[in-house]
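Accompanying notes for the structure given below.
2 protein chains.
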Amino acid sequence: MTDQGRPYAGASREERKSARREQIVAAGISLFGTMGYRTTTVGAICEAAGLNKRYFYESFATLEDLLCEVYGRVIAELRASVLAGGGDDPATVLRGFMTGFLSWAQANPVKARVHLFEVLGVSARIDELYRFQGRVIGDELASRLSATIPGPDLTAGQQRVLGNVLVGAGLQMVVDWVISEYQPPRDELLEEMDATLGWVLAAGLAALG
Amino acid sequence: MTDQGRPYAGASREERKSARREQIVAAGISLFGTMGYRTTTVGAICEAAGLNKRYFYESFATLEDLLCEVYGRVIAELRASVLAGGGDDPATVLRGFMTGFLSWAQANPVKARVHLFEVLGVSARIDELYRFQGRVIGDELASRLSATIPGPDLTAGQQRVLGNVLVGAGLQMVVDWVISEYQPPRDELLEEMDATLGWVLAAGLAALG
DNA sequence: GCAAACTGGTACGACTTCGTACCAGAAAGG
DNA sequence: CCTTTCTGGTACGAAGTCGTACCAGTTTGC
């Protein structure tokens, strides 16, 4: 008779399966983030994970499914990082956001490559996940900013615009920074951003007044 | 003896070759912008162009080469559109940029899909072209903005930051707008952006003062 | 007209990846 | 110790695309 699962190497069937899945996910992050998603094959994943191809299909139906799982973990970590900072005034909230983003990208270059480059344009499913998470982060940021300002609240449409502006601007800057091999150093770039924000506010003030 | 080229159907060898190349480029824009780059094959391109596969390789070595040519034309058109507006004050420059971007995206949905979605993450070569053009547009915009402000000029680093912010924010908003199937209508969205900018300036003023 | 070049359609081998199957050896239970 | 399950390595057919070659029919120059 077929046993429904038997301990092996000191672990139950479910434990072994779960451990194999984790090995595959780890190999996915590593390969997607170094050689790139498009050039990674199921065979390469299994080789890196030290597992038979059969075990890939035990946990994932397609390579894209693995990318979804990998990206879900990457974006969760990034979201935690950019939203970690608090702050009672707008400048602190903004700086916390960009500090978290830059620090995360520099501390996790492989995962950063997955988020900033490899997931782009892979499939409609991944694209939707990508943009959904961007909107969540943008909404949260805009809402926090709005809360630090005594004046009138933003309308829903304005909050969406502000969220898009913040996320889009942040992404573009981090991408540029990563491509420039993390130059200038993080704190220097943060100061440049502060100075630029000051310049913009002064310019806007001059134009309004 | 082998003729080095003979008129055919009223056109010289070079004219015919050039016409075929144009047919292929047109088919490339159409297919890349509808079915997507990743699912487009050389065979599909030639079928859409009404040409033999042999003629593809007459003008392009790989499908990626065709994408480079296609994207070069798309980005040139977009650049002309977003930089068309003039303006002597910051708000006019910004509004001209976003108006040009939104109008172009709505008037050329197929090309917009190529720029906003399909070229992403295809290859290092395309990525570099994409980001180079983004930097060119951002620099030009930041420089124009700087010129409308009486105060001190931006440093090179600050101009880069501002350019990244503008291009990143603009891209994110257009992507969001296209995904939302061009809702709300263009002029409504532009007014929301104006209102949001006003809110930000007021908030910044309150925080500074 | 007639030969030579051009054109579009079809066909073909090479290559890669996928997804599954087989098979010999290791680990656990009785 | 011996049977059964599990594991990793290898092998294999299916499918899709690439890039080229062949071939019949058309257009041109002479």
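The listed protein sequences derive, respectively, from chains A and B.
Residue numbers for the first sequence follow the numbering used here, so the first one is 1 and each next one is one higher.
Residue numbers for the second sequence follow the numbering used here, so the first one is 1001 and each next one is one higher.
Glycine residues also receive a C-beta, built at the ideal position from the N, C-alpha and C atoms.
Fill in: CB contact check: A/I149 to chain B, cutoff 8 angstroms
yes
Worksheet entry | Beta-bridge pairing of A/Y8 - partner residues as DSSP gives them | A/A11
Worksheet entry | DSSP state of B/G1198 mapped onto helix, strand, coil | helix
Practice prompt. Reducing DSSP to helix, strand and coil, say where B/T1062 ends up.
Written response: coil
Practice prompt. Quick one: list the residues of chain A neighbouring B/E1140, beta-carbon separation under 9 angstroms, in chain order.
Written response: In chain order: nothing, as chain A lies at least about 15 angstroms away.
Fill in: Cβ neighbour criterion (16 or more within 10 Å) applied to A/W199
buried
Item to complete: Verify the CB distance criterion: does B/F1101 have a CB-CB separation below 8 angstroms to chain A?
Response: no
Fill in: Host alpha helix (DSSP H) of B/P1109 (start-end)
1109-1113
Discussion item. Does B/Q1183 pass the burial test, meaning 16 or more other C-beta atoms within 10 Å, or should it be called exposed?
Written reply: exposed
Item to complete: Please confirm whether B/G1033 and B/V1114 have their CB atoms less than 8 angstroms apart.
Response: yes
Worksheet item: Can you tell which of A/E181, A/R144, A/A76, A/L154 has the C-alpha that lies nearest to the C-alpha of A/T92?
Response: A/R144
Practice prompt. Taking A/Y130 as the reference, give the member of B/M1098, B/A1080, B/V1167, B/V1175 with the closest Cα.
Written response: B/V1175
Discussion item. Is the beta carbon of B/R1013 closer than 8 angstroms to that of B/Y1055?
Written reply: no
Worksheet item: Which stretch, first to last residue, makes up the alpha helix (DSSP H) that contains B/G1168?
Response: 1156-1179
Discussion item. Using the Cβ count rule (16 or more neighbours within 10 Å means buried), how would you classify B/A1142?
Written reply: buried
Discussion item. Does chain B have any CB closer than 8 angstroms to the CB of A/W104?
Written reply: no
Practice prompt. Indicate the three-state DSSP secondary structure (helix, strand or coil) for B/T1039 in the structure shown.
Written response: coil
Worksheet item: How is A/P185 classed by DSSP in three states: helix, strand or coil?
Response: coil
Discussion item. Tell me the DSSP secondary structure of B/A1084 in three-state form.
Written reply: coil
Fill in: Boundaries (first-last residue) of the alpha helix (DSSP H) holding B/I1126
1124-1148
Worksheet item: Tell me which same chain residues have a C-beta within less than 8 angstroms of the C-beta of B/I1029, skipping the five on either side of it?
Response: V1070, R1073, V1074, V1110, K1111, V1114
Worksheet item: Does B/L1031 come within less than 8 angstroms of chain A when only Cβ atoms are used?
Response: no
Item to complete: Please state if the CB of A/V122 and the CB of B/G1278 are separated by a distance shorter than 8 angstroms.
Response: The displayed coordinates of chain B run from 1001 to 1209. Any statement about residue 1278 of chain B would go beyond what the structure contains.
Worksheet item: Which class does A/L51 belong to by DSSP, given the choice of helix, strand or coil?
Response: coil
Worksheet item: Going along chain B, which residues have a C-beta under 9 angstroms from A/V167?
Response: G1168, A1169, Q1172
Worksheet item: How about B/R1131: is its C-beta nearer than 8 angstroms to some C-beta of chain A?
Response: yes
Worksheet item: For A/G100, which three-state DSSP category applies?
Response: helix
Practice prompt. Please check if any C-beta of chain A sits within less than 8 angstroms of the C-beta of B/A1202.
Written response: yes
Discussion item. Can you pull out the residues from the region 109-135 of chain A whose beta carbon lies closer than 8 angstroms to at least one beta carbon of chain B?
Written reply: F117, E118, V119, L120, G121, V122, D127, R131, G134, R135
Practice prompt. Check whether the Cβ of B/V1161 lies closer than 8 angstroms to any Cβ atom in chain A.
Written response: yes
Worksheet item: Quick one: is B/Q1183 near chain A, going by C-beta distance under 8 angstroms?
Response: no
Fill in: Neighbour flag for A/N52 against chain B, beta carbons, 8 angstroms
no
Discussion item. Is it buried or exposed, A/R125, if we count other Cβ atoms within 10 angstroms and call 16 or more buried?
Written reply: exposed
Practice prompt. Show which residues of chain B have a CB atom less than 7 angstroms away from the CB atom of A/L208.
Written response: L1201
Discussion item. So, at 6 angstroms on beta carbons, what are the nonlocal neighbours of A/T2 in its own chain, with the 5 sequence-adjacent residues on each side left out?
Written reply: Bear in mind that the predicted position of A/T2 carries a pLDDT of just 42, short of 50, making it too unreliable to give a figure here.
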